[in-house]
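Since the structure comes first, as structure tokens, the remarks are kept for the end.
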Amino acid sequence: MDDAPVIKFMGVVAGGRGEAKGFMEIGWVREQCRNAAGFDPYPGTLNLKVDGPAFELIRRTALNRGKRIVPPPEAAGFCEARLLPVLVHGIGAALIYPMVSNYYGDTVEIIAPLLLKGHPDIKDGAAIVLSLLPPEGAPLSGAGEYASLKLITLDWEGTLVDFQWDLAGAVAETISLLEAKKVPRETLAGQNYATLYNLVTEKGAQWGFPGESLTAAVDQIYDRYDLDAASRWTPAEGLLQILAGLKCFKLALVSNVGRTGIDRMLERFGLRESFGITLTRNDVRFLKPSPEGILRAAAWAGAAKNETIHIGDSLADLFAARSAGVKCGIVLGGETAAEALLCEKPDLVLEKLSRLPIALRYGLQPNP
Ligand SMILES: [Mg+2]
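Numbering of the sequence shown is given in the working numbering, commencing with residue 1358 and proceeding in unit increments.
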């Protein structure tokens, strides 16, 4: 197999013929797209108008290295299609190229695990840049860039393992504890587990609890929820190999989970040696969305803001990264719904952690 450098081209978001939605909902189409693209496609496609040379390049690339979508014998009247992994505004998607003679000569169609038009910059008439990615496992040429990346900080739950924490249970229990301690009820409304923790740390002394004794009480509750989640966590598919593939970077774990739960699971999953530093809930004063953990990791690595990316699954990760001034990549399927994450324009959006090494190499926009 030859080297597979990244190919970038510009397209303008256009309306389609409206045929794609029904097509994408056919059982065998969905299943084959799922196998070839690595995600369950959102019904419907994004149409992009491209110029003649770009269309010809895409057509040839689809024929040469596109994964085949082949209609089963009973699906008479359907044609074969080819699928190529692409990044659209950092979102892991795929270009689908139907091999029909009357296909558009100037338009390509993109499928994704979510509604691409949920991204604030993907609107009709908008010009966007697409990167055609090398297939997973292909030998990589020198053409990819890491955008001067030095440090990757990684979230734990929902990112490296699946999301299992009982958010509602932990918040309810913490609020009852605080109410029992006569903390004013109105200050607790609308908090999630992380902002509640940060509020307790910030205001504990003011509420009449010396030192950080109130934070320690909340920690005890959260430790139990950590261990409850730990009893169900399973690591992302191929986690050890993925982390090994990122060895050229400094790796830091920055988690809102406590030390006890993290240490136990690093041991169980054989990840003790995978990170240069691990920062848990017990190693910082303020949890994500505070940037404290990411900034601590960057100081440890001697990495500048533009040399750092944080990878997580939640808005807390995204806001922590933004506050720290670093890039943020999102792995879908964790704590926060895809739609809410997309609105905040993460630098990368990946359906699976296994796409991270290639996406970092080819999908990150260079730093200013
Ligand atoms: Mg998480």
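Beta carbons are placed, not taken as given, at the ideal position from N, Cα and C, and that holds for glycine.
* **Neighbourhood of ligand 1 [Cβ distance below 6 Å to any heavy atom], ordered by chain position** => Those residues are D1512, E1514, G1515, T1516, G1669, D1670, S1671, G1691, E1692, given in chain order.
* Which whole runs of the beta strand (DSSP E) in the region 1672-1707 are 3 residues long or more, in chain order? -> Fully enclosed beta strand (DSSP E) runs of 3 or longer: 1684-1688, 1705-1707.
* G1368, DSSP secondary structure in three states -> Correct three-state label for G1368: strand.
* **Endpoints, alpha helix (DSSP H) assigned at I1578** => Taken as a continuous stretch (DSSP letters only), the alpha helix (DSSP H) holding I1578 covers 1570-1587.
* Asked: For W1385 versus P1455, is the C-beta distance shorter than 9 Å?
  -> For the 9 Å CB-CB criterion, W1385 and P1455 do not form a contact.
* To do: Please name the residue, chosen from A1393, L1444, L1707, A1661, that lies closest to R1422 on a Cα-to-Cα basis.
  => With distances taken between Cα atoms, R1422 lies closest to A1393.
* Residues near I1532 by beta carbon distance below 7 Å, same chain, minus five either side -> Excluding residues within five positions, the ones whose Cβ falls inside 7 Å are L1545.
* Please determine, among K1480, D1580, Y1461, the residue with the shortest C-alpha to C-alpha distance to V1407. => With distances taken between Cα atoms, V1407 lies closest to Y1461.
* A1393 in three-state terms, based on DSSP -> Looking at A1393 - three-state DSSP - the assignment turns out to be helix.
* **Burial state of C1685, where buried means 16 or more other Cβ atoms lie within 10 Å** => Buried.
* Span of the alpha helix (DSSP H), counted from its first residue to its last, around N1421 -> Per DSSP, N1421 belongs to the alpha helix (DSSP H) from 1409-1422.
* Asked: DSSP three-state call for K1406: helix, strand or coil?
  -> K1406: strand per DSSP, three-state reduction.
* Assigned exposure category for R1712 - 16 Cβ within 10 Å defines buried -> Buried, by the Cβ-count rule.
* Measure from the alpha carbon of L1471 to the alpha carbon of each residue in I1634, D1463, M1622, P1398, then state which is nearest. => Comparing alpha-carbon positions, the option among I1634, D1463, M1622, P1398 lying closest to L1471 turns out to be P1398.
* To do: Report all residues from its chain with a CB closer than 6 Å to the CB of R1391; omit the five preceding and five following residues, and keep chain order.
  => Closer than 6 Å at Cβ, skipping near neighbours: D1397.
* To do: List the whole-angstrom C-beta distance separating D1523 from Y1582, where the pair is believed to meet the contact cut-off of C-beta under 8 Å.
  => Sure, about 6 Å apart at Cβ, within 8 Å.
* Asked: Are V1575 and Y1554 closer than 9 Å when you measure CB to CB?
  -> Yes. Within cutoff.
* Quick one: what's I1426 bridged to in DSSP? -> As a beta-bridge residue in DSSP terms, I1426 pairs with A1438.
* Asked: CB-CB under 6 Å to A1695, same chain, minus the five flanking residues each way: which ones, in chain order?
  -> Annotation for A1695: L1471, L1689 place their beta carbon closer than 6 Å to its own, counting only its chain and skipping 5 residues before and after.
* Asked: What span of residues does the beta strand (DSSP E) with K1607 cover, start to end?
  -> 1607-1611 is the extent of the beta strand (DSSP E) around K1607.
* Roughly how many angstroms lie between the CA atoms of G1447 and R1616, to the nearest whole one? -> Cα to Cα, G1447 sits roughly 32 Å from R1616.
* Inside the region 1462-1528 only - beta strand (DSSP E) runs reaching at least 3 residues -> Restricting attention to beta strand (DSSP E) runs no shorter than 3 residues, the region 1462-1528 encloses them at 1464-1468, 1484-1489, 1508-1511, ordered along the chain.
* Exposed or buried, what is G1691 when buried is set at 16 or more other beta-carbons lying within 10 Å of its beta-carbon? -> Buried, since its Cβ has 16 or more Cβ neighbours within 10 Å.
* Asked: With respect to the alpha helix (DSSP H) encompassing N1554, which residues constitute its N-terminal and C-terminal limits?
  -> According to the sequence provided, residue 1554 is Tyr. The question's Asn does not apply to it. Start and end: 1550-1560.
* Asked: Helix or strand or just coil, what does DSSP make of I1532?
  -> Residue state, collapsed to three classes: helix.
* When burial is assigned at 16 or more other CB atoms within 10 Å of the CB, is S1505 buried or exposed? -> Result: exposed.
* Asked: L1710 to I1453, Cα distance in whole Å?
  -> Going from the Cα of L1710 to the Cα of I1453 covers about 22 Å.
* Coarse secondary structure for A1432, derived from DSSP in three states -> Looking at A1432 - three-state DSSP - the assignment turns out to be coil, as it is neither helix nor strand.
* **Burial state of T1402, where buried means 16 or more other Cβ atoms lie within 10 Å** => Buried, because 16 or more other Cβ atoms sit within 10 Å of the Cβ of T1402.
* **Status (buried if at least 16 other CB within 10 Å, exposed otherwise) for Y1719** => Its Cβ being crowded by 16 or more others within 10 Å, Y1719 is buried.
* To do: Can you check DSSP and say which residues form a bridge with H1667?
  => According to DSSP, H1667 bridges with T1510, C1685.
* Asked: What number of angstroms, rounded off, separates the C-alpha of D1359 from the C-alpha of P1491?
  -> Here D1359 scores only 40 on pLDDT, less than 50, and its place in the model is too uncertain to base an answer on.
* To do: Quick one: grab the DSSP three-state call for V1457.
  => Coil at V1457, not helix or strand.
* Going by CA-CA distance only, name the one from H1667, A1697, S1671 that's closest to L1721. => Nearest C-alpha to L1721: H1667.
* To do: For N1639, count neighbouring Cβ atoms within 10 angstroms of its own Cβ and tell me buried if that reaches 16, exposed if not.
  => Exposed: under 16 other Cβ atoms inside 10 Å.
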